[in-house]
Structure formats: structure tokens, C-alpha cells
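Following this note's numbering, the numbering of the sequence shown begins with 81 at its first residue and continues without gaps.
Backbone N, C-alpha and C fix where the C-beta goes; we use that ideal spot for every residue, glycine too.
Okay, structure first, notes after.
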Amino acid sequence: MAFFNKILLLKKIPDIDMRYRSQLMGSLSLILLLLLSCCSKENEPESTFTLTVNGGSGSGKYASGSLVSIAANNPSQGEIFEKWIGDIPSGLDANEAATTFVMPARHIEITATYTTVSDPIAITIDKATRFQTMDGFGFFGGRDVWWSSPNENHFYSEAWLEKIVADLGITIWRNELYPHNPPSGNNANRQDAHWEKQKPMVQALQAKADQHGVDLKIILTAWSAPGAFKWNATNYDWAGDQNAQRGPGEDGDYWPERDGGTLNPNKYQEYAQWWIEGIQMYKDAGVDVYAVSMQNEPAFWQTTFNSTFYTTHWYAEMINAVIPIIKAAHPEVKVFGSENMLSMEGKDINYPHFYHNTLKKDPTAMNYIDILAVHGYHDGVNASSGTELAKAWTNHKEQFSAPANKKAWMTETSGYVDSWEEADDTPGAFNLASDIQSALLFGDVSGWVFWQGSRLGRIDAYNLMDDLTVGKKYHASRNFYRFIRPGAVRVLAQSADEAISVSAFEHAQNGSHTIVLINSADTPGAVNISMSGSEAPENYEMFISSATKNSESAGTVPANQPIILPARAVVTLQAGGSVLGTE
């Protein structure tokens, strides 16, 4: 720069021979241009920046603002990718082995780190020991809650139907038979819905299931009988109270649908006929009803939504009177009940006193029930969740479903926050997956139905999705719903470590095997899977849900090598057949 300044300060060209003047001027011009070029480059900002990736791919020079992809190297034997460390740019998911981000205007160096896992845990599967045959998984309702709009087109869309059938994989759909009389009418007071509002969605759902060849089971529950069939109920403290009385209310042989009451025993014939008409209403729309429940949560008297109260003995009496009439008209339709709480029908201190034990003492009534169904709450609102479920489900199986040779379903639950882990003492998506696993393993449950599947505007503790936007509960459910298809048979699966639970299924017709592993430990774990019996898979496709993964494929893993389970994760291994069993 000093030389450059001197050149600029020259007053004149020295007095030299004219023949050299032009050469000197040309040389000075060239020097000046070169110096100007050098100085210009010194002042220009850098346009590319260096990315250094240690332990992975993606190193190189990138322009600021460009999209960059990086991937960690495959872990060594006995290790699992943990996270990226170093100068982590905004937008890079440090917990993902393969990820993308936008290159910032600086040089970056990042490093892939790995965690050593313990020796593999033995998972043994015996296909010769067989348990329940699966009916499916599902939820209640449409794209939004029934009270949200008078427009029948509000409750479904082509994209939403595709999402729930072909992605989530529902195979059971539950709805309320509203207490209009006749069921196809719209004459009951203060009702959220009627058939004309529901019918288009129901038909579209059935058509979507048919399109994919899905064996969709549509099930109906009554929250209340029509008011003209109801009486008042008095003089009782709980569902097993033998002092309870029933009789006409202030308006005679009428009691409001949204105010408890009980079924008038003089109206059993009319109630049965009402159900016959309701089932036929669906059939006339091209939809076959698979199963019906005479009463939702019969122990509760509600005033904000439809309800009808039954003592345990009134319930058995009603079953004996009503079901034979329904079966005579629709012999193919199954009956499920009582839809009381699992905590009441399964806990040591409760199960001798509630509905299923009364059915057990009345073999005729029990014979009319095809499926013993409970709800996964302890109070009708809050989820029953955690380790206590194993004992409750075991009691229910040993006391009721197994001795009576009945299937068991869980037909309503909710109350899980939409985060992976629990929050404010409320269970989360990981708890939901664990609770499904408990029902399958300890209760031999063949059907699992969540409460509201979808609601527009939010995902809260009571739904899985907001239209096409899905959350953690959706993905935790998808690890079961999408892969364990109707007709799959649960087979014996055992884990050598209580921190890893396992359920396994064989679907002979589809030629598929499904294994669901839940690692409840705070550290990753490895498993070795040993399966006895013919046609054991050689490879599985692995699907992971965790705090950072959403029921996503982790590729193919060999069946004869250790499989790494992330911490606090749900892992589904799928082999053979097709996911929906139809492609």
C-alpha cells in the first residue's frame, strides 16, 4: 500500500526518451490495476464458509443461506448415535443422525457423538403359544366434534379420511346412536348431532376403508335412551346399591336425555325396537354395524351430556330383556358392554361389586354379551395409567373374560397430554403407548378405541389430531394401529429385562410378523430376538417413536443381529406382508 500511495503522488513522468514513455505508462497502468484488484479483494466479504463434520459426512464449503445435509457415520458395534456437538447452527436438530440446516455466514465445526449400549437383552418369541386374535384399534367421531357445526361436510375431507385409514390405520370406528326417536329423526332436546348430519361422513369413511380393503368395524354406543323411555332413579349411593328405586318423574314417563335417569323397565320392548331401527338405518346407508353397546358408562349420572344410570342389577335385567329382541332382527351384530371403568371392573377392592361380576352371577345375561368392554379412566375423565394397570387387566381377564370365554375391549380413554413425557402429573404419549401395551399383554385385549380422534383448532388431552396436523399421541398410537391388523394373533414374547416390554403378533393371512418393543429406561438398550417356529423373518423394518422421532422408519434391521432401542422409545418391527394387509 505504501508503494501504491507513492505511485499516486507522482507529479509527472520523468524526462526520458520518448520511445520508452509509452512502455513506462503501460507498465504503471498494469501495476495500478493489479494493486487495485488486490485491495478490492481484501475488502470483499467472504461468500463461502467451511463446514467441518467429524464422524460423519457433509464437510465442504457452502454459501451462506444454502441448505446443507449431514449424516453421522454408522455406529460401531454396541454403540448408538447420541447427538451432534460443537458450533450447532440454528435449525440443526442435534438429536438426529441425518439432518439438514441452512448454512450461516460463519465457519462451523460439529462432531457426531455416540453412546455405548449394554449387552443385548434376550427377547424370546414362541409362536406356538398363542393368545387373543386382534379386532383392531380406533377412535370416536369425525374430523371435528359433533357439536362444532351444523354443516355435514365439516366433519370429513378426502385428505383427512386418507390420513386416518391409510396412515394412522384405524380399523375400529365408534359413534353415538343419538336418542332421537326414530333414530333417523331430529326431535330430542339439546342434541349435538342427528343422522342427517352424520350420515355423509359415515358413508365416506366406509368408502375410504373399502378403497383400501380395510376390515373396518363400526361400533355404536347409546349414551341415553330416548327421553320417552326413561324414568327417574332415586335412593341410591352407588351402582351396586340394592336400595335404589326407579319410577315416573315430574313429567310422568319421561326423563331428559341429558340428566341421567334410568330406563323404564316397561319400555324394554320399545328400546330394543329403537336399536333395531338404528342398526337398520346404518345398513340402509350401505354400512354394516359390527357391534353395539346398550349404555355408555352406566354408573354415572351426567347433566352436561347424554347419560342413563343403571344399577348393576338393572343393567343385567335390561340385557336379558333387550338383547334377544335385537339379536332376532340382527343376529350378525355383536354386543359389547358394560363400558364401565377398568378401575371399577379390575381393581381388587372394586371388581366384586360392579357390572361384570353381576353378569358373571347371571349366566344368561353374560351369554348375551359377546365382548366385555371397559373404559380406561378411573373417573370417566382422567386416564387410568401406569403400572397399576397390569394388575387391573390381569384381574379382569382372570375373573371375567377368560372364564366366560369372552373377548375384551377397551372402548374409550383420553386424558393424555400431547407431549412425549408426562407433564404436571398428567400422562403423555409415552404413557399412552405403555398403557396400550399393558392392555394387550395383561388383559388379552383385542380392541382398543381412543376417545375423540380429531378436533379442529387444537390437540389437547382428549384428541389425537387437529385435522391433518398430528401430535405425539398420534404417533405413539400409530406404532400399534398401523401395524397390528385385524386377524393378527398375539404370540408369547418375553423379555429378560423388565425395562423392555414386548408384544408380538403373527398374521397368517397377511404373511406378516409384528413386534412392539417399549424401552422405559433412560438409556438406550440393545436386544437380541429369538423366534421359534417356522417362517421366522430374516429382516424387519424398524419404526421408532420417541421424544425426537415420530413413528418413522429407521430402515431395515437383520433379525439375527442386535437391535438398538433408543431411550424412552416405542419401536415397532414389521416383517412380511403389507402394512394394511391389502396391497
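- Here K310 is bridged, per DSSP, to L343.
- Closest by C-alpha distance to Q283, out of D368, S264 and L300, is D368.
- For L521, the three-state secondary structure derived from DSSP is helix.
- Distance check between G145 and each of G158, V182, A151 and G135 places V182 closest, using alpha-carbon atoms only.
- In this structure, Y348 sits away from M281, with a CB-CB distance that is not shorter than 7 Å.
- Distances from the CA of A192 to each of V497, D167 and G158 were compared; the closest alpha carbon is that of D167.
- The beta carbons of I399 and A445 sit closer together than 7 Å.
- Two segments are said to touch when three or more pairs of C-beta atoms, one from each, lie closer than 8 Å; by this definition the region 230 to 246 does not touch the region 640 to 652.
- Between the beta-carbon of E425 and that of H476 there is about 6 Å, and that keeps the pair under the 8 Å contact cut.
- Contact between the region 521 to 534 and the region 210 to 223 is present, with at least three C-beta pairs closer than 8 Å.
- Here N154 is exposed: its Cβ has fewer than 16 other Cβ atoms, across all protein chains shown, within 10 Å.
- Assignment of V413 by DSSP, reduced to helix, strand and coil, places it in the coil class.
- Looking at the DSSP output, K163 bridges to T193.
- With contacts defined by Cβ atoms closer than 7 Å, R326 and R270 do not form a contacting pair.
- Assignment of beta-bridge partners to G656 by DSSP yields no partner.
- Residue environment analysis places P378 among the buried positions, since at least 16 neighbouring C-beta atoms fall within 10 angstroms of its C-beta.
- Taken atom to atom, the span from the alpha-carbon of L439 to that of V415 is near 13 Å.
- When DSSP states are grouped into helix, strand and coil, E502 belongs to the coil group.
- As computed with DSSP, G140 is found in a beta bridge with L131.
- The shortest CA-to-CA distance from P306 to any of H436, S264 and L296 is the one to S264.
- V571 sits close to E586, with the two beta carbons spaced by under 7 Å.
- If you draw a 10 Å sphere on the C-beta of P638, you find fewer than 16 other C-beta atoms in it, and that means exposed.
- With respect to A541, V497 sits close: the two C-beta atoms are nearer than 7 Å.
- By the C-beta density criterion, A202 is exposed, having fewer than 16 other C-beta atoms within 10 angstroms.
- L147 is bridged by DSSP to V182.
- Under DSSP, P638 takes part in a beta bridge, and its partners are N619.
- A302 carries a coil assignment under DSSP once its states are collapsed to helix, strand and coil.
- By the C-beta criterion, the region 550 to 570 is judged to be in contact with the region 619 to 630, since at least 3 inter-stretch pairs fall below 8 Å.
- Here R186 is exposed, its C-beta having fewer than 16 other C-beta atoms within 10 Å.
- In the three-state reduction of the DSSP assignment, H455 falls in the strand class, which pools E and B.
- Between E162 and A319, the alpha-carbon positions lie close to 53 Å from each other.
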